[in-house]
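Novice: Protein chains in written order, with the numbering used here: chain A, 76 to 361; chain B, 108 to 425.
What follows is a structure written as structure tokens; I'll ask about it next.
In structure tokens form, the structure reads like this:
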């Protein structure tokens with residue numbers, strides 16, 4: 076626990092001293108708040124057709140302009156933020172559970188288990204995300220579940236590799252040996268002693284996986300393989316707007332800028348947490 | 108001898124990975140709703156026709172036999188037949204591969220040309236003065252290809268300048284025209300790579316700068332340029348090579364969205380259109396080829412390690 080507290084203190088110091096990290100945190104908090112409380116904010120109704128002119132440019136009444144049905148685009152983008160974040164969080168949670176489990180298994184038991192897990196991770200890692208997206212869309216049809224599956228498939232091998240290597244270093248330390256000598260079962264050792272000590276690395280990977288997840292979601296939805304209209308995600312909004320790219324560029328630009336800001340804020344916060352935990356270690360996620 | 112000891116296990120692992128990848132891809136096609144016969148024949152099928160198809164494609168045999176048969180055909184270069192054109196899909200992939208390869212090479216070149224120098228400059232400048240590297244890295248890693256590509260298409264279709272959007276011409280026919288079409292998509296694809304290579308180079312350089320032999324070189328009074336060239340870059344090269352090869356592996360397939368955006372007729376667009384046409388043999392071959400390329404590139408990177416790092420295989424590597 077004291078380790079966690081000192082990490083928290085280091086993170087706080089970093090946020091105060093480093094403008095870029097602080098900027099990331101502010102943007103992330105803002106986006107999460109807007110995503111959470113969007114429906115109760117006075118932004119307008121995202122579903123109301125002909126609220127304004129068709130494909131109207133940004134104005135005071137419609138800050139992000141209006142789409143081809145005259146819907147105000149700002150509340151739609153807010154809906155998109157919520158969907159994109161939610162989808163990535165669900166996918167990354169699945170990744171965190173599966174990836175941490177197999178990573179710890181491989182790092183703690185080593186030997187044959189390690190080899191099996193590593194080969195499995197290698198196999199998943201060989202499939203590039205968007206290409207897997209095509210295959211999954213062929214198997215399960217396009218949709219949110221496909222997008223979640225693709226994000227998990229793409230991020231699990233990265234997670235396994237990192238958790239495995241952190242577990243390896245933790246498993247060699249004295250308190251783990253002491254606990255084993257005292258007769259603790261492997262599961263107890265892993266959950267009570269190893270898990271709390273790899274949590275930092277897991278959280279850092281979680282943020283990186285999250286930003287990868289958002290990139291994959293938006294790309295798949297843009298290609299029509301992820302979130303389907305009328306539901307809005309930042310990716311599906313990009314797809315809708317791209318039909319009017321030359322006559323109403325504000326549609327693609329507003330969704331695109333919000334999406335880029337979201338990904339950047341998650342990355343910056345991840346970097347800050349990483350720097351607070353292990354100041355000199357290199358980046359682990361490619 | 109030490110090199111063989113280093114490379115053999117890696118070749119074995121690559122082969123195991125290849126086998127696993129092909130099993131997954133094979134199984135995936137079995138799970139496509141409706142099954143193979145329905146896809147081939149459409150919804151109105153007589154049981155006789157279905158049985159005939161099943162027999163012709165060996166669908167009535169145990170899955171293991173089917174897999175072995177499929178794998179054997181693969182080894183002979185048979186990646187299946189397009190249901191639309193009834194021609195071998197591998198021919199189409201080979202025809203389009205140079206296009207995607209060109210795109211990937213442009214992206215890799217741009218990524219290296221900007222990522223490495225910026226990373227070194229930012230790493231040598233250190234935490235206090237190297238902030239520009241962090242900003243470029245953070246922005247570059249965060250703008251998805253779709254967003255950047257759309258923005259470029261908007262800008263360059265309103266003000267054409269010199270570039271063109273769409274209308275691909277092969278390099279061999281008209282090199283200048285080809286560049287007018289290919290530079291924008293290549294640039295789009297490169298931005299994530301610039302950020303990735305910049306960040307890796309920066310981290311590696313900063314890491315090496317803290318090590319004792321650099322302090323020694325400074326104390327000896329060596330010129331800063333020589334210190335960076337002789338002591339920093341060589342040691343910082345290893346993580347950069349890893350990340351470059353991984354990036355290149357992803358590039359060849361990450362090209363899907365860029366090819367769709369800019370209508371570049373490479374293997375990514377072909378695979379994507381295969382999916383839209385429910386021509387699953389194309390999707391299957393596309394996924395398999397992407398994974399095989401990725402595995403081969405990783406093999407090459409392992410061999411490169413051995414060339415760069417004399418410690419490889421001697422057991423002295425940290």
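C-beta: ideal position from N, C-alpha, C; glycine also.
#1: Helix, strand or coil for residue 261 (chain A)? Go by DSSP, reduced to three states.
#2: Hey, could you find the ends of the alpha helix (DSSP H) residue 252 (chain B) is sitting in?
#3: Is the Cβ of residue 327 (chain A) closer than 8 Å to any Cβ of chain B?
#4: State the Cα-Cα distance for the pair residue 327 (chain A) and residue 167 (chain A), rounded to the nearest angstrom.
#5: Taking 8 Å as the threshold (beta carbon to beta carbon), is residue 265 (chain B) in contact with chain A?
#6: Going along chain B in order, which residues have a C-beta closer than 8 Å to the C-beta of residue 297 (chain A)?
#7: Looking at residue 269 (chain A) and residue 253 (chain A), is the spacing between their C-beta atoms short of 8 Å?
#8: From which residue to which residue does the alpha helix (DSSP H) around residue 255 (chain A) run?
#9: Count the other CB atoms, across all protein chains shown, that sit within 10 Å of the CB of residue 250 (chain A); report buried if there are 16 or more and exposed otherwise.
#10: Residue 147 (chain A) by DSSP, collapsed to three states: which one?
#11: When you compare the region 255-273 of chain A with the region 179-189 of chain A, are there three or more beta-carbon pairs, one atom per stretch, that lie closer than 8 Å?
#12: Can you grab the Cα-Cα spacing for the pair residue 320 (chain A) / residue 257 (chain B), in whole Å?
#13: Does the beta-carbon of residue 338 (chain B) have 16 or more other beta-carbons within 10 angstroms, so that it is buried, or is it exposed?
#14: Alpha carbon to alpha carbon, how far is residue 231 (chain A) from residue 134 (chain B)?
#15: If you drop the 5 nearest sequence neighbours on each side, which residues of the same chain put their C-beta closer than 7 Å to that of residue 265 (chain A)?
#16: Short of 9 Å Cβ to Cβ, which residues in the region 282-313 of chain B face chain A?
#17: Taking CB distances under 8 Å as the criterion, tell me whether residue 142 (chain A) reaches chain B.
#18: Alpha carbon to alpha carbon, how far is residue 299 (chain B) from residue 222 (chain B)?
#19: Which residue comes first and which comes last in the alpha helix (DSSP H) that contains residue 284 (chain B)?
#20: Under 8 Å between the Cβ atoms of residue 295 (chain A) and residue 393 (chain B)?
#21: Got a sec, what are the start and stop residues for the alpha helix (DSSP H) residue 282 (chain A) sits in?
#22: Mapping the DSSP letters down to three states, classify residue 188 (chain B) as helix, strand or coil.
#23: Where do the ends of the alpha helix (DSSP H) carrying residue 197 (chain A) lie?
#24: Please list, in chain order, the chain B residues whose beta carbon lies closer than 7 Å to that of residue 203 (chain A).
#25: Could you list which residues in chain A have their beta carbon closer than 7 Å to that of residue 387 (chain B), in chain order?
#26: Please report whether the beta-carbon of residue 425 (chain B) lies at a distance below 8 Å from any beta-carbon of chain A.
#27: Just tell me which of B:369, B:407 and B:217 has its CA closest to the CA of residue 259 (chain B).
#28: From the DSSP output, in three-state form, read off residue 242 (chain A) for me.
#29: Could you check which residue in A:263, A:283 and A:206 has the C-alpha nearest to that of residue 234 (chain A)?
#30: Within its chain, find whatever has a CB closer than 6 Å to the CB of residue 102 (chain A); leave out the 5 residues flanking it on each side and keep chain order.
#31: Just the Cα atoms here: how many angstroms apart are residue 386 (chain B) and residue 209 (chain B)?
Specialist: From the atom records:
#1: The residue labelled residue 261 (chain A) in the question sits at position 186 within the first chain. Residue state, collapsed to three classes: helix.
#2: For the purposes of this step, residue 252 (chain B) is taken as the residue at position 145 of the second chain. Segment 252-265, the alpha helix (DSSP H) holding residue 252 (chain B).
#3: As a working note, residue 327 (chain A) is residue 252 in the first chain. Chain B contact via Cβ: present.
#4: For the purposes of this step, residue 327 (chain A) is taken as the residue at position 252 of the first chain. For the purposes of this step, residue 167 (chain A) is taken as the residue at position 92 of the first chain. Residue 327 (chain A) and residue 167 (chain A): Cα-Cα distance of roughly 26 Å.
#5: By 1-based counting over the second chain, the position of residue 265 (chain B) is 158. So yes, residue 265 (chain B) belongs to the interface.
#6: Your numbering for residue 297 (chain A) matches position 222 in the first chain. Residues of chain B passing the Cβ test: 253 and 364.
#7: For this step, residue 253 (chain A) is matched to residue 178 along the first chain. For this step, residue 269 (chain A) is matched to residue 194 along the first chain. No, Cβ-Cβ distance for residue 253 (chain A) and residue 269 (chain A) is not below 8 Å.
#8: Here residue 255 (chain A) is taken as the residue at index 180 of the first chain, counted from 1. Start and end: 249-256.
#9: Working through the first chain from its first residue, we reach residue 250 (chain A) at position 175. By the 10 Å Cβ count, residue 250 (chain A) comes out exposed.
#10: Against the first chain, residue 147 (chain A) aligns to sequence position 72. Here residue 147 (chain A) sits in strand by DSSP.
#11: yes
#12: Along the first chain, read from residue 1 onward, the residue named residue 320 (chain A) stands at position 245. Along the second chain, read from residue 1 onward, the residue named residue 257 (chain B) stands at position 150. C-alpha separation (whole angstroms): 8 Å.
#13: The residue labelled residue 338 (chain B) in the question sits at position 231 within the second chain. Looking at its Cβ environment, which holds 16 or more other Cβ atoms inside 10 Å, residue 338 (chain B) is buried.
#14: Stepping through the first chain from its first residue, residue 231 (chain A) is reached at position 156. Stepping through the second chain from its first residue, residue 134 (chain B) is reached at position 27. The alpha-carbon atoms of residue 231 (chain A) and residue 134 (chain B) are separated by roughly 20 Å.
#15: By 1-based counting over the first chain, the position of residue 265 (chain A) is 190. Counting only Cβ-Cβ distances below 7 Å, and skipping sequence neighbours, we find 179 and 183.
#16: 299, 303, 306, 307, 310, 311 and 313
#17: Along the first chain, one-based indexing puts residue 142 (chain A) at 67. So no, residue 142 (chain A) is outside the interface.
#18: Within the second chain, the letter at position 192 stands for residue 299 (chain B). Within the second chain, the letter at position 115 stands for residue 222 (chain B). Computed Cα separation, rounded: 10 Å.
#19: For the purposes of this step, residue 284 (chain B) is taken as residue 177 along the second chain, with counting starting at 1. 282-316 is the extent of the alpha helix (DSSP H) around residue 284 (chain B).
#20: If you number the first chain from 1, residue 295 (chain A) lands on position 220. If you number the second chain from 1, residue 393 (chain B) lands on position 286. Contact flag unset, no.
#21: Reading the first chain from its first residue, position 207 is the one you call residue 282 (chain A). Residues 270-297.
#22: In the second chain, counting from the first residue as 1, residue 188 (chain B) sits at position 81. The answer is strand: DSSP assigns residue 188 (chain B) an E or B state.
#23: If you number the first chain from 1, residue 197 (chain A) lands on position 122. Unbroken alpha helix (DSSP H) run through residue 197 (chain A): 186-200.
#24: Counted from its first residue, the first chain places residue 203 (chain A) at position 128. Those are 357, 360, 361, 397 and 401, listed as they occur along chain B.
#25: Position 280 of the second chain holds residue 387 (chain B). Within 7 Å Cβ-Cβ: 213.
#26: Taking the second chain and counting its residues from 1, one reaches residue 425 (chain B) at position 318. Low confidence applies to residue 425 (chain B): its pLDDT is 41, below 50, so where it sits in the model is not reliable, and the reading given next is rough at best. No - not a single Cβ of chain A is within 8 Å of the one on residue 425 (chain B).
#27: Reading the second chain from its first residue, position 152 is the one you call residue 259 (chain B). It is B:369.
#28: Counting from one through the first chain, the residue named residue 242 (chain A) turns up at place 167. Helix at residue 242 (chain A).
#29: Mapped onto the first chain, residue 234 (chain A) falls at position 159. When only C-alpha atoms are compared, the closest one is A:283.
#30: To locate residue 102 (chain A), count along the first chain from 1; it is residue 27. Same-chain partners within the cutoff: 336 and 340.
#31: Here residue 386 (chain B) corresponds to residue number 279 of the second chain, with the count starting at 1. Here residue 209 (chain B) corresponds to residue number 102 of the second chain, with the count starting at 1. Computed Cα separation, rounded: 26 Å.
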